[in-house]
Every structure is written in structure tokens, then in C-alpha cells.
Amino acid sequence: MKSAFDTFVIDAIRRERIAQKVSQATLAYGIGVSAGFIGMVENPDSPKKYNLTHLNEIAKFLGCSPRKFLPEEPI
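Numbering (our numbering), first residue to last: 4 to 78.
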């Protein structure tokens, strides 16, 4: 089960991905995971989630700081 923190990070990444018009498949290719993995992470019913390495690779691929995906205050 995904925690509130996991969900916050996943939603922040999804929003930025969509804002930049990047598909799940393109993001997956850019960070070296399968397209299915991104879909599973973004599916609230799946236990899959990003780790810190994913977060860093996503930030590099989308051209932003990993901090963009983290909450300002603890959840």
C-alpha cells in the first residue's frame, strides 16, 4: 500500500510529466524502466512506487530539481 508521502510524490511527478507533454512510455525510456512500471506506479491500486534513484533520474530527464516532487512539510 502506498503512503500519503508516496502518493504526493507520484502525483507531483505525474503533474509535471503531463505539463511537459511527456508520455509514460517516454518517461520510462528516459529513466531506463519499462513503460509498464510507470503505469503501475501511477495506478493507485498497485503497490509499485518510485525510489530515490528513480526520483533523481526523473528530475534529470524532466530538467528540474528532485525537490519539485517533495512536500514542503512532512506528511
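Beta carbons: idealized from backbone N, C-alpha and C, even for Gly.
Going along the chain, which residues of its own chain have a beta-carbon closer than 8 Å to the beta-carbon of residue i, five neighbours each way excluded?
{"i": "F83", "result": "Beyond the ends of the chain as shown, which are 4 and 78, falls residue 83; an answer cannot be given."}
{"i": "E45", "result": "I13, R17 and Q27"}
{"i": "S37", "result": "A31"}
If I measure Cβ to Cβ from residue i and keep anything under 7 Å in the same chain, skipping five residues before and after, which residues do I get?
{"i": "I78", "result": "A7, F8 and F11"}
What whole-angstrom Cβ distance do residue i and residue j have, given they're in contact under 8 Å?
{"i": "Q23", "j": "L65", "result": "6 Å"}
{"i": "E60", "j": "I34", "result": "4 Å"}
{"i": "K71", "j": "E19", "result": "7 Å"}
Tell me whether residue i sits in a helix, a strand or coil according to DSSP, three-state version.
{"i": "V44", "result": "helix"}
{"i": "Y32", "result": "helix"}
{"i": "Q27", "result": "helix"}
{"i": "K71", "result": "helix"}
{"i": "N59", "result": "helix"}
Find the nearest neighbour of residue i within the set the options, judged by alpha-carbon distance.
{"i": "L73", "options": "I16, V25 and S37", "result": "I16"}
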